[in-house]
Every structure is written in C-alpha cells, then in structure tokens.
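Here the sequence shown stands for residues 2 to 336, numbered as in my numbering.
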Amino acid sequence: MIASAGAAGPRRRLLLATPALLLAPLATRGARAAGWPDKPIRVVVPYAPGTNSDVQTRLVTAHMTQTLGQPFIVENRAGAGGSVGAEAVAKARPDGYTLLTGSNGPLAINPALQPRLGYAVSDFSAIGMISRASHTISVRADAPWKTLAEFIAAAKAEPGRITMGSSGTGSATHFTLEMLQGQAGVRLTHVPYRGSSVAVPDLVAGNVASVCCELTTVLPTLRGGLTRVLALAAEARSPLVPEVVTTAEAGMPGLVGASWVGLVAPAGVPAEAMAELSRAFRAAMADATVQSRTREAGADPAPEGEQTPAGFAAFIGREASRVREVAAATGMKLD
C-alpha cells in the first residue's frame with residue numbers, strides 16, 4: 002500500500018496504520034526546510050500533454066512555485082497506462098526534486114491487474130489529491146446514437162463493430178470502458194491512445210466511433226457542437242453540462258468512473274522536504290483561483306481530507322481494492 006508523505010530512510014513497504022509515521026512531517030510545516038528547495042523540481046506526468054492529469058498538474062504546481070520559490074518543470078512521459086513515467090519516478094533519487102502525478106492507472110489499476118510491473122505502490126509516498134474528473138461516453142455530434150441505450154443496442158446487434166477510444170491501456174478511462182462492456186453485456190473494439198487529448202480529436206475526425214474520456218477533455222468540443230456526450234459516468238449531473246444525463250439516469254447506476262489526480266514522491270524523501278511539499282500543496286489547493294479553474298475545466302477539487310498525505314494514501318488503497326473487485330466481477334484483464 003502506498004505510504005503517506007513523510008516516509009524516510011530505505012524504501013520499504015509501509016503500513017497506513019502507523020499514525021506517528023503518517024503525521025510526523027506535518028509538525029514541521031511552520032518553516033521552510035533549511036536549504037530545500039534550492040533548485041527546480043521536476044514533475045513527471047505519465048500521460049500526454051493536454052490530458053486531465055497534465056492540466057491539473059500545471060495548475061497546482063504553478064501555485065506551488067510561488068510558495069517554494071523554485072520552478073516546477075513538468076515532463077510528460079506517456080506509455081503503458083502511466084507505468085512508464087511511474088517506474089521512472091519510483092527509481093529516481095528520493096531527494097524531493099522528482100515527483101509523479103499519480104492517478105488511477107499507475108497507482109491503482111496497473112498494480113492490481115499487472116503483478117509484474119517494474120515498480121510497486123510502496124515505492125511512493127503520497128502528498129495529496131488534486132481533483133477528480135468524471136468520465137463520459139462520447140460520440141461525434143452527427144453519430145446515429147442519441148442515447149446510451151441506443152448505443153448499447155447497436156453494440157449488441159454487431160459485437161465488436163463499434164470502436165471506443167480510451168486514454169490508454171490500463172488507464173482510468175480504459176477501466177470504465179471495461180466496466181461498460183461488462184455491465185451492458187456488449188463487446189466493443191478498444192482503441193488505446195496516448196491520452197484523451199489525442200483520442201477526442203480522432204473522434205471529431207471520424208477515426209474512432211466513440212471515446213470514454215474525462216469531461217475535462219471533451220468539454221471544448223461538446224460546447225463547440227462537434228461531439229455529443231451520451232452519459233456522464235457519475236451519480237449526479239454536472240453543473241457545467243446540466244443537460245447531460247448520468248449513467249444512473251440512463252439505466253446503468255453501477256457505471257461510475259472518474260479520473261483522479263494527485264502528487265506523490267519516491268519513498269524515502271527526507272521528512273523536511275516532504276513537509277515543505279505538503280505545505281505548498283495545501284496552499285495551492287486552498288487558493289480560490291485554483292479551485293475555480295479546476296471546476297471550469299470540468300473537474301472537482303479533491304475533498305480536504307484527501308488533500309492530506311494520510312488521506313490520499315488511504316484513498317489509493319481503497320481504489321486498488323475497488324479495482325480488484327470490479328475486475329473479478331467483469332473479468333477485466335490487462336495484457
């Protein structure tokens with residue numbers, strides 16, 4: 002299970018049930034760690050530029066730069082559902098100068114379904130969750146399907162004919178796609194992309210029939226009249242698109258999916274540096290501009306309890322358990 006911020010010493014598997022360890026770095030928030038940071042901090046986003054993870058990371062780290070006085074350099078390293086970037090950070094020097102934008106794929110889905118990864122979740126220490134963005138089932142505006150029910154009926158009539166893009170094998174949107182197939186009893190042809198920001202333009206171009214992507218990514222083309230969202234994979238409608246029905250309203254209450262994004266560091270970063278990162282992160286999350294821009298993009302800021310190291314670490318553990326449960330129920334497998 003992932004450790005919360007403050008893990009120090011050699012990398013090892015840490016238990017969330019150790020309150021003293023979880024909370025130790027928070028006591029040093031009042032002052033900056035002596036001499037840290039004294040150079041730029043690199044943040045690896047394991048997805049393509051323009052994706053939800055990328056956008057949310059740049060928004061929060063821009064504010065953290067103001068707090069810590071050092072620039073955050075965002076590096077996109079997409080591949081293998083986020084595992085390429087995650088492995089690179091897991092093996093990075095644990096000095097606080099290399100971070101990972103952690104999300105469903107690399108921290109919950111891939112570890113649960115791919116036991117032979119080049120890293121373990123215990124190789125990371127949580128800093129905090131940034132946001133959650135609900136998934137959508139989207140098609141071109143001129144597609145023949147006006148509702149999710151019509152889409153499912155067409156998929157049942159011709160198994161495998163309808164293509165659906167995702168942000169990559171093992172990504173959060175791939176997981177929701179698999180849940181859709183399992184719960185609806187249909188077979189779609191999965192087309193993995195290097196991020197939703199690549200899949201949506203291909204949808205508009207007519208190269209793929211549908212996509213499962215975050216509302217954040219499809220919102221501009223939806224507003225531009227180029228795409229149609231058949232359903233939002235959420236329990237409640239979004240105030241940004243109140244006309245879009247939820248999957249529950251469309252007859253699939255169990256189909257709920259969202260891409261969550263947060264920051265983690267390699268396990269073993271000194272407690273003082275982790276305390277500074279946590280302090281700067283919480284300041285960014287409390288900023289009214291950061292919150293409003295997050296919502297305007299189609300995502301919801303993380304609950305306060307999950308903005309903490311312990312809260313985010315616990316959330317990741319719950320998500321990994323949910324992945325295993327859904328995988329067992331749907332037969333989902335990743336190659």
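Virtual Cβ for every residue (Gly too), placed ideally from N, Cα, C.
Checklist entry - Where T294 and V61 are concerned, what is the direct C-alpha to C-alpha distance, given to the nearest angstrom? => result To locate residue 294, count along the sequence shown from 1; it is residue 293. To locate residue 61, count along the sequence shown from 1; it is residue 60. Reading the sequence as shown, one finds Arg at residue 294 and not Thr. Straight-line Cα distance between these residues: approximately 10 Å.
Next on the checklist: Checking 7 Å against the spacing of the C-beta atoms, do T228 and S167 come in under that value?
Outcome noted: Translated into the one-based positions of the sequence shown, residue 228 becomes position 227. Translated into the one-based positions of the sequence shown, residue 167 becomes position 166. Contact flag unset, no.
Next on the checklist: Need the endpoints of the beta strand (DSSP E) that A266 sits in, please.
Outcome noted: Along the sequence shown, one-based indexing puts residue 266 at 265. Counting along the chain, the beta strand (DSSP E) containing A266 begins and ends at 259-267.
Next on the checklist: Need the endpoints of the alpha helix (DSSP H) that E151 sits in, please.
Outcome noted: Locating residue 151 in the sequence shown gives position 150, counting from the first residue. Segment 149-158, the alpha helix (DSSP H) holding E151.
Next on the checklist: Could you give the first and the last residue of the continuous beta strand (DSSP E) run that contains T190?
Outcome noted: Position 189 of the sequence shown, counting from 1, holds the residue named residue 190. Note, T190: beta strand (DSSP E), 190-193.
Next on the checklist: Please state the DSSP three-state secondary structure of R117.
Outcome noted: Indexing the sequence shown from 1 puts residue 117 at position 116. It is coil, neither helix nor strand.
Next on the checklist: Using 8 Å as the cut-off, can you tell me whether the segment 71-83 makes contact with the segment 122-129, which would need three or more C-beta pairs spanning the two stretches below that distance?
Outcome noted: no
Item to check | From A321, K92, T248, residue whose alpha carbon lies closest to that of A268 | outcome: Your numbering for residue 268 matches position 267 in the sequence shown. Measuring from the Cα of A268, the nearest candidate turns out to be K92.
Item to check | For P145 and V205, the rounded distance between their alpha carbons | outcome: Translated into positions along the sequence shown, residue 205 becomes position 204. Translated into positions along the sequence shown, residue 145 becomes position 144. So the two alpha carbons sit approximately 14 Å from each other.
Checklist entry - Straight-line CA distance for P310 to A287? => result Residue mapping note: residue 310 aligns to position 309 of the sequence shown, counting from 1. Residue mapping note: residue 287 aligns to position 286 of the sequence shown, counting from 1. Roughly 15 Å separates the two Cα atoms.
Checklist entry - Who are the Cβ neighbours of R188 in its own chain at under 6 Å, not counting the five residues just before and after it? => result Reading the sequence shown from its first residue, position 187 is the one you call residue 188. Contacts found: P160, G161.
Checklist entry - Helix, strand or coil: which one does DSSP assign to L204? => result On the sequence shown, residue 204 is found 203 positions in, with the first residue counted as 1. Three-state result, L204: helix.
Next on the checklist: For chain C, check one thing: does any of its Cβ atoms lie closer than 7 Å to the Cβ of G169?
Outcome noted: No chain C is present in this structure, which holds just one protein chain.
Next on the checklist: Can you tell me whether L256 is helix, strand or coil according to DSSP?
Outcome noted: Along the sequence shown, one-based indexing puts residue 256 at 255. L256: coil per DSSP, three-state reduction.
Checklist entry - Using the beta-carbon count (16 or more within 10 Å), is E236 buried or exposed? => result Taking the sequence shown and counting its residues from 1, one reaches residue 236 at position 235. The residue in question, E236, is exposed, as its Cβ has fewer than 16 Cβ neighbours within 10 Å.
Checklist entry - Count the other CB atoms within 10 Å of the CB of T137; is the residue buried (16 or more) or exposed (fewer)? => result Position 136 of the sequence shown, counted from the first residue, corresponds to residue 137. Burial call: buried.
Item to check | Cβ shell of A155 (< 7 Å), same chain only, five flanking positions each side left out | outcome: One-based indexing of the sequence shown puts residue 155 at position 154. Taken in chain order, the residues that qualify are W146, I163.
Checklist entry - Given a threshold of 16 other Cβ atoms within 10 Å of its Cβ, counted over all protein chains shown, does S322 qualify as buried or as exposed? => result Against the sequence shown, residue 322 aligns to sequence position 321. Exposed, since its Cβ has fewer than 16 Cβ neighbours within 10 Å.
Checklist entry - Looking at the unbroken beta strand (DSSP E) that takes in M286, where does it start and where does it end? => result Position 285 of the sequence shown, counted from the first residue, corresponds to residue 286. Careful: M286 lies outside any beta strand (DSSP E), inside the alpha helix (DSSP H) at 272-287.
Item to check | Rounded separation between M333 and S104 - CA only | outcome: Start at 1 with the first residue of the sequence shown, and residue 333 comes out as number 332. Start at 1 with the first residue of the sequence shown, and residue 104 comes out as number 103. When rounded, the distance between both Cα atoms is 19 Å.
Checklist entry - Under 7 Å between the Cβ atoms of N111 and G82? => result As a working mapping, residue 111 is identified with position 110 in the sequence shown. As a working mapping, residue 82 is identified with position 81 in the sequence shown. Closer than 7 Å, so yes.
Item to check | Stretch pair the segment 105-125 + the segment 247-256: three plus CB contacts closer than 8 Å | outcome: no
Next on the checklist: Check this for me: beta carbons of S197 and E215, under 7 Å apart or not?
Outcome noted: As a working mapping, residue 197 is identified with position 196 in the sequence shown. As a working mapping, residue 215 is identified with position 214 in the sequence shown. Taking 7 Å as the Cβ cut-off, S197 and E215 qualify as a contacting pair.
Checklist entry - How many whole angstroms separate the CB atoms of V201 and V212, which I take to be in contact at a CB cut-off of 8 Å? => result If you number the sequence shown from 1, residue 201 lands on position 200. If you number the sequence shown from 1, residue 212 lands on position 211. Indeed, because the Cβ distance is near 6 Å, the residues count as touching under 8 Å.
Checklist entry - If you draw a straight line from the alpha carbon of E277 to that of S260, how long is it in whole angstroms? => result Residue 277 sits at position 276 when you count from the first residue of the sequence shown. Residue 260 sits at position 259 when you count from the first residue of the sequence shown. Cα-Cα distance, rounded: 26 Å.
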